[in-house]
Amino acid sequence: MGVIRIFLFLLAAFCLGCGSAQAEKRVALVIGNSAYKSAPQLANPVNDASLVGGMLKKAGFDPVDIKLDLNAAEMRRALRDFGSRTREADVAVVYYAGHGIELDGTNYLIPTDASLETDSDVLDETLPLERALFAVEPARQLRLVILDACRDNPFAKTMKRTTAARAIGRGLAKVELTSPNTMIAFAAKAGSTASDGDSRNSPFAAALVERLPTPGLDLRKAFGFVRDDVLKTTGYKQEPYVYGSLGGDDVPLVAAKPIVAGPQANPDSELRRDYELALQLGTRDGWTAFLNRFPAGFYADLAKGQLNKIAAEETRSATADKARQAEEEKARLAAERANKAEQDKAAAAAKAAEDKRLAAEKAKQIEEAKAAAAEQRRKDAEAAVAKALADKQAAEKALAEKLATDRAAADLAAKQAAEKQASASAEQKVAAVAPSSTPPAMSPQETTKLVQSELRRVGCLTASADGDWNLASQRSLTLFNKYAGTKYDAKLATFDALDAIKARPGRVCPLVCDHGFKADGDACVKITCRAGYRINDDNECEKVQDKKPVATRDEPKKRDADRKSSESAPAQPQARTSGQMICGNAGCRPVRPGCRLEPYQQGKHGAGSWGVNQEVCN
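So that you can map any letter, position 407 of the sequence shown is 829 in the numbering used here, and since no number is skipped, the others follow by simple counting.
In structure tokens:
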């Protein structure tokens, strides 16, 4: 039995060594902010944090820090302390429930003491999402950030904007992750908001604690189930979303329980030999003797199954004999022409005996099937144990060979290094220890052009790479420091800054567009408004107000010029007139010399009335 325990331990160690999460170091930080001082209090984040924290504890995370209603200083301290613990962890999880905001494409977590009176206050009073990613980054296998922070943000409605072109989004913005084995789960996809629900917990938190702890369930599939649950709960109004990338292997939050389907015994152990001997005998006495010696365990259960099989066979044989005897009695009475009552009684007895025989036959078949299945499991289990032992021996052999090879290689490298150290100069030693990523003969202007080109690639510089480290270039490196979390001297273009910028695979600085344009990926596109609308100062389309027509007057300058022209013109000599004027549709003029004005009678046949004057000449 001692050998059995030894091999049970070896097989368990082998199975757990293949990726069991029980041997992993897993840590978690849970933050729930409800009591905001400058905004209405949220009902669920504290409840959600407590619920998710309890789930993570049951899933084997240790420690699980649950922090509630943190101000800015407390949130920074919590993330800093958690980051120190993730250096020794395999899996790190951060869960945040509360308010969040998106500003110019960057997501921020809002502490309880934030007031956010202007958009510039976001940079001073909140924490960027990058800070949480920085805290989980040291974890070796999995980095997971879960954000239930996509609620309708009251700060965005009251916040004053210092720049009209600055974009404050609805919900949170999508993220592009560069670290491997990192996932970010949003309660709602980018640009949309999440619901707190009508119960004690939000629909997102309730789905998380239901799906994530499923043993052996891959995280990607688990979050797919979370998405389906939230969509159904919210009437397809809220859709959770996951960003990031994992490898091809399944990554469960809780590892599947190892299934041991057989005996944990040495194939050559005494227990197995005795079992196989009893199996060869196949008698009740043989199995009874085995059970007397080994009354419990896997092989004892197999032996009991074999006994059940023998008992079923004995029952079947006995019922078959009784059925045969009843049939013979029935035939005898029929041959002797006994009375009908005796024949009917014999027929009923024969039928009952036949029914029992059929039932016994079926029971025997069931017991035989059970025994055969158990025997197959035994063989599979013994084969698995044998394979595990063979693999363990092969692994030990390979490890020993690798250690020997490494030791020989290390000795050879040490010998070569000693010879090289004796013959190499100090400059060669420095070059061997600290290789440079750029040629030492590169001029400052060439270095500057390389830094400018990389700053243009990550979206921090719009000017051309001309090799002149001017104010625009210095501002671009300052922007890179701000969004990348670095502290390089903006007055100089250095190799260190160049290496840091090269390490960023995509855009770092957010895209800022002119008035009338909006960001679309890595380009600015013109905003097009439909008919009757125009772009306002906030870069949004607004309806054009109809203007009432107003009377126009001649321009004063033109009228004055005409008057001066007429006054300055020389007087024309005119004929002598009577001083009378006659007016008509063409205007007024003096009466011609020798003419006079007389009233003109209108009407028919002299029955009219006197009207306007007319010019009458002799």
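Heads up, the beta-carbon is just placed ideally off N, CA and C, and yes, glycines get one too.
- Counting only residues of its own chain and dropping the five nearest sequence neighbours on each side, residue 540 has a CB closer than 7 Å to the CB of 581, 582 and 584.
- Taken in chain order, the whole beta strand (DSSP E) runs of length 3 or more contained in the segment 609-675 are 663-667.
- According to DSSP, residue 529 shares a beta bridge with 524.
- The Cβ atoms of residue 530 and residue 544 sit closer than 8 Å to each other.
- Distance from the CA of residue 935 to the CA of residue 477, rounded to the nearest whole angstrom, comes to 44 Å.
- Comparing alpha carbon positions, the residue from 896, 762 and 724 closest to residue 704 is 724.
- By the Cβ test, the segment 606-622 is in contact with the segment 655-663, since at least three Cβ pairs between them sit closer than 8 Å.
- Sequence-distant Cβ neighbours of residue 744 in its own chain, meaning closer than 8 Å and more than five residues away, are 775, 778 and 779.
- The segment 912-932 makes contact with the segment 869-881, as at least three CB pairs between them are under 8 Å.
- In the three-state scheme derived from DSSP, where H, G and I count as helix and E and B as strand, residue 497 is classed as helix.
- Ranking 938, 727, 737 and 910 by CA distance to the CA of residue 795 puts 727 first.
- In the same chain as residue 900, and ignoring 5 residues on each side of it, the C-beta atoms closer than 8 Å to its own belong to 912, in chain order.
- In the DSSP assignment, residue 550 is bridged to 530.
- When DSSP states are grouped into helix, strand and coil, residue 869 belongs to the helix group.
- Contact between the segment 627-635 and the segment 644-654 is present: three or more C-beta pairs spanning the two stretches fall below 8 Å.
- Excluding its 5 nearest sequence neighbours in each direction, residue 489 has C-beta neighbours in its own chain below 6 Å: 453 and 500, listed in chain order.
- Taken through DSSP and simplified to helix, strand or coil, residue 584 comes out as coil.
- The three-state secondary structure of residue 945, taken from DSSP, is strand.
- In the structure shown, residue 964 falls within a strand segment according to DSSP collapsed to helix, strand and coil.
- Contact between the segment 519-530 and the segment 558-572 is established, with three or more Cβ pairs separated by less than 8 Å.
- Straight-line spacing of the CA atoms in residue 755 and residue 772 works out to 12 Å.
- For residue 918, the enclosing alpha helix (DSSP H) has its first and last residue at 917-924.
- Straight-line measurement puts the Cα of residue 596 at about 22 Å from the Cα of residue 948.
- Excluding its 5 nearest sequence neighbours in each direction, residue 611 has C-beta neighbours in its own chain below 6 Å: 661 and 663, listed in chain order.
- Distances from the CA of residue 495 to each of 535, 821 and 837 were compared; the closest alpha carbon is that of 535.
- Pairing residue 675 with residue 481 gives a Cβ-Cβ distance under 8 Å.
- Taken through DSSP and simplified to helix, strand or coil, residue 536 comes out as coil.
- When the five nearest sequence neighbours on each side are left out, the beta carbons in the same chain lying within less than 8 Å of the beta carbon of residue 883 are those of 874, 877, 894, 895 and 898, in order along the chain.
- By the 16-neighbour rule on beta-carbons within 10 angstroms, residue 717 is exposed.
- Per DSSP, the beta-bridge partners of residue 1020 are 1036.
- One Cα belongs to residue 904, the other to residue 557, and the distance between them is close to 18 Å.
- If you draw a 10 Å sphere on the C-beta of residue 710, you find fewer than 16 other C-beta atoms in it, and that means exposed.
- Selection 937, 463 and 605 evaluated against residue 666 yields 605 as nearest (Cα-Cα).
- Taking a contact as a CB-CB distance under 8 Å, the pair residue 954 and residue 940 does not count as one, their CB atoms being some 20 Å apart.
- Leaving aside the five residues that flank residue 468 on each side, the residues in its chain whose CB is nearer than 6 Å to its CB run, in chain order, 454, 456 and 490.
- Annotated as proximal: residue 511 and residue 561, with beta-carbon spacing under 8 Å.
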